[in-house]
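To start, the structure under review is shown below, and the notes come after it.
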Amino acid sequence: KAGVTQTPRYLIKTRGQQVTLSCSPISGHRSVSWYQQTPGQGLQFLFEYFSETQRNKGNFPGRFSGRQFSNSRSEMNVSTLELGDSALYLCASSSIGGIGANNSPLHFGNGTRLTVT
Amino acid sequence: SQQGEEDPQALSIQEGENATMNCSYKTSINNLQWYRQNSGRGLVHLILIRSNEREKHSGRLRVTLDTSKKSSSLLITASRAADTASYFCATDGWVGGGADGLTFGKGTHLIIQP
């Protein structure tokens with residue numbers, strides 16, 4: 005089985021711009037979670053989608069949004085980029101969604117490295 | 015907020031030695047997981063231990079869980095250079111009062127010297 009695929013691998017954007025990141029989960033996995041990783045804050049949960057519905061959301065401003073398509077692929081969007089949004093954005097898939105997703109292993113992609121200048 | 019806190023932050027040992035990392039957390043959990051991350055890459059799941067389990071093994075990995083102390087340890091035996099990575103514990107505790115996804119600690123950076 006192919007693993008979780010995230011595109012693009014690297015991205016450089018300017019403050020104020022918006023960005024869209026893409027994630028293709030493992031075939032058959034219907035849950036997709038997004039995490040932000042920074043040296044200062046570590047790994048922080050953004051949101052989780054299951055069957056095209058947002059099930060859980062972390063403590064991030066409304067500039068961070070996402071969606072999931074019928075084929076379980078997911079995108080996350082960040083609008084009005086700030087310097088502090090520079091991070092490694094990780095996507096993870098699981099065969100179980102919602103609360104159950106926290107009780108099963110997550111399969112991570114290699115992330116998108118976003119740099120905001 | 016960070017739920018899990020790993021200790022030590024960094025660990026350097028010789029190849030062949032055992033490496034022990036500890037994790038403490040704050041709230042009640044259903045399970046605790048350990049992940050490995052090689053530099054600049056995604057996380058790889060290592061092991062999941064449920065709250066009613068005290069010890070679990072997987073190959074050279076041994077994980078213990080003490081829910082009364084809210085702590086866990088990861089032991090890697092007979093370390094290899096390929097074990098050089100950052101190791102994170104993650105808990106499913108409802109830190110924010112809801113299902114906030116997994117909550118990760120800041121990680122232990124393990125370096126295996128050849």
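Residue numbers (the working numbering), protein chains in the order written: chain A, 5 to 121; chain B, 15 to 128.
Where a beta carbon is used, it is the ideal one built from N, C-alpha and C, also for glycine.
{"Check": "Is there a Cβ from chain A that is less than 8 angstroms from the Cβ of B/R55?", "Outcome": "yes"}
{"Check": "Anything in chain A within Cβ reach of B/H71, meaning under 7 angstroms, just list it in chain order.", "Outcome": "The contacting residues do not exist; B/H71 stays about 16 angstroms from chain A at best."}
{"Check": "Measuring alpha carbon to alpha carbon, tell me which residue in A/R13, A/E52, A/K61 and A/N63 is nearest A/F73.", "Outcome": "A/E52"}
{"Check": "Is B/N66 close to chain A, meaning its C-beta is less than 8 angstroms from at least one C-beta of that chain?", "Outcome": "no"}
{"Check": "If you measure from the beta carbon of A/E86 to each beta carbon in chain B, is any gap under 8 angstroms?", "Outcome": "no"}
{"Check": "In angstroms, rounded to a whole number, what distance separates the CA positions of B/D80 and A/G66?", "Outcome": "38 angstroms"}
{"Check": "Whose C-alpha, out of A/Q45, A/Q10, A/T24 and A/E79, is nearest the C-alpha of B/G121?", "Outcome": "A/Q45"}
{"Check": "List the DSSP bridge partners of A/H33.", "Outcome": "Partner(s): none; A/H33 has no beta bridge."}
{"Check": "What in chain B is Cβ-close to A/P109, meaning under 8 angstroms?", "Outcome": "Q47, H59 and L62"}
{"Check": "So the beta strand (DSSP E) A/G46 belongs to, where does it begin and stop?", "Outcome": "G46 to F54"}
{"Check": "To which residues does DSSP link B/L46 through a beta bridge?", "Outcome": "B/I63 and B/T105"}
{"Check": "What first and last residue would you give for the beta strand (DSSP E) that runs through A/T11?", "Outcome": "T9 to T11"}
{"Check": "Can you list the residues of chain A that B/K84 reaches, using a CB-CB cut of under 7 angstroms?", "Outcome": "Those within 7 angstroms of B/K84 in chain A number zero; the least Cβ separation is about 17 angstroms."}
{"Check": "Let me know the secondary structure DSSP gives A/L110 once reduced to three states.", "Outcome": "coil"}
{"Check": "Skipping 5 residues on each side, what residues in its chain have a beta carbon closer than 7 angstroms to that of A/G115?", "Outcome": "Q10, L92, Y93 and L94"}
{"Check": "For B/E31, collect the residues of the same chain with a Cβ closer than 7 angstroms to its Cβ; drop the 5 residues on either side in sequence, then sort them by chain order.", "Outcome": "S93"}
{"Check": "Give me the subset of the stretch 35-58 of chain A whose CB atoms are less than 7 angstroms from a CB atom of chain B, sorted by chain position.", "Outcome": "S37, G46, L47, F49 and E52"}
{"Check": "Under 7 angstroms Cβ to Cβ from B/S26, same chain only, skipping five residues before and after it: list those, please.", "Outcome": "I125 and Q127"}
{"Check": "Please classify B/G56: does DSSP put it in a helix, a strand, or coil?", "Outcome": "coil"}
{"Check": "Got a sec: is the Cβ-Cβ distance from B/D21 to anything in chain A below 8 angstroms?", "Outcome": "no"}
{"Check": "Could you tell me which residues DSSP puts in a beta bridge with B/R94?", "Outcome": "Paired residue(s): none; B/R94 is not in a bridge."}
{"Check": "Who does A/E79 pair with in a DSSP beta bridge?", "Outcome": "A/S26 and A/R71"}
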